[in-house]
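Below: the structure, in structure tokens.
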Amino acid sequence: MATNSLSAENGNTHNQPATPERLTTRYYWTFTYEVGGDIIVAEVLDMYTGKYRVIEHIASDLCDNDMPGHCPHAFLRSVQERKGKVISNEPMHIVTDFDFDGVTRAELESFISALINHVENIMFTTMSTKHDFNEFICENRP
Numbered sequence: 011m012a013t014n015s016l017s018a019e020n021g022n023t024h025n026q027p028a029t030p031e032r033l034t035t036r037y038y039w040t041f042t043y044e045v046g047g048d049i050i051v052a053e054v055l056d057m058y059t060g061k062y063r064v065i066e067h068i069a070s071d072l073c074d075n076d077m078p079g080h081c082p083h084a085f086l087r088s089v090q091e092r093k094g095k096v097i098s099n100e101p102m103h104i105v106t107d108f109d110f111d112g113v114t115r116a117e118l119e120s121f122i123s124a125l126i127n128h129v130e131n132i133m134f135t136t137m138s139t140k141h142d143f144n145e146f147i148c149e150n151r152p
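Heads up: the sequence shown at position 134 corresponds to 144 in our numbering, and the numbers run straight through without jumps.
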């Protein structure tokens with residue numbers, strides 16, 4: 011099981027005292043994925059359950075996207091924000107070749123949780139079937 015330094019919402023642990031910089035820094039994950047040609051950006055609210063809220067929905071007719079709709083992709087990003095400004099937005103995991111069309115919200119939350127649990131460094135994951143998708147969740151769920 012992978013651990014990550016973004017697990018504490020406010021960045022404080024019993025080993026790290028609260029400093030003014032730590033109190034103004036927020037760490038969180040975002041998950042961006044393509045479904046039906048549209049781009050959905052979600053903020054992960056709970057890394058253990060994968061609960062998220064959509065913060066942006068870009069319709070395919072508004073996207074300047076050369077990637078065909080039949081080849082969806084996803085990006086899990088770690089975000090660090092200080093005083094309301096994003097200071098770091100790193101892609102930590104990139105998923106290719108999986109069509110998220112038809113995936114339920116519960117399945118997506120399980121997948122996000124498994125993805126966060128799985129990530130150790132910048133990684134790529136290729137999956138082409140629903141079986142691959144479900145197997146990934148089973149193997150990496152916390």
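Glycine included, C-beta positions come from ideal geometry on N, C-alpha and C.
Cβ atoms of residue j and residue i: under 8 Å apart, would you say?
i	j	result
Y38	V64	no
F110	A84	yes
T40	R92	no
A124	I147	yes
I122	Y58	no
Nearest CA to the CA of residue i: which residue from the options?
i	options	result
S120	N150, F85, D48	N150
M133	T106, K140, E117	T106
Could you check if residue i is buried or exposed, using at least 16 other CB atoms within 10 Å of its CB as the buried criterion?
i	result
H80	Here H80 scores only 43 on pLDDT, less than 50, and its place in the model should not be relied on; the value that follows carries that caveat. Flag for H80 reads exposed.
R87	buried
F108	buried
H141	exposed
V201	There is simply no residue 201 to check, as the chain begins at 11 and stops at 152 in what is shown.
N99	exposed
Considering just the uninterrupted stretch of the beta strand (DSSP E) at residue i, what are its terminal residues?
i	result
L125	Looking at the DSSP string, L125 is not in any beta strand (DSSP E); the run it does join, the alpha helix (DSSP H), is 115-128.
K95	95-106
F41	35-45
F143	Segment 140-150 is the alpha helix (DSSP H) holding F143; no beta strand (DSSP E) there.
T135	133-136
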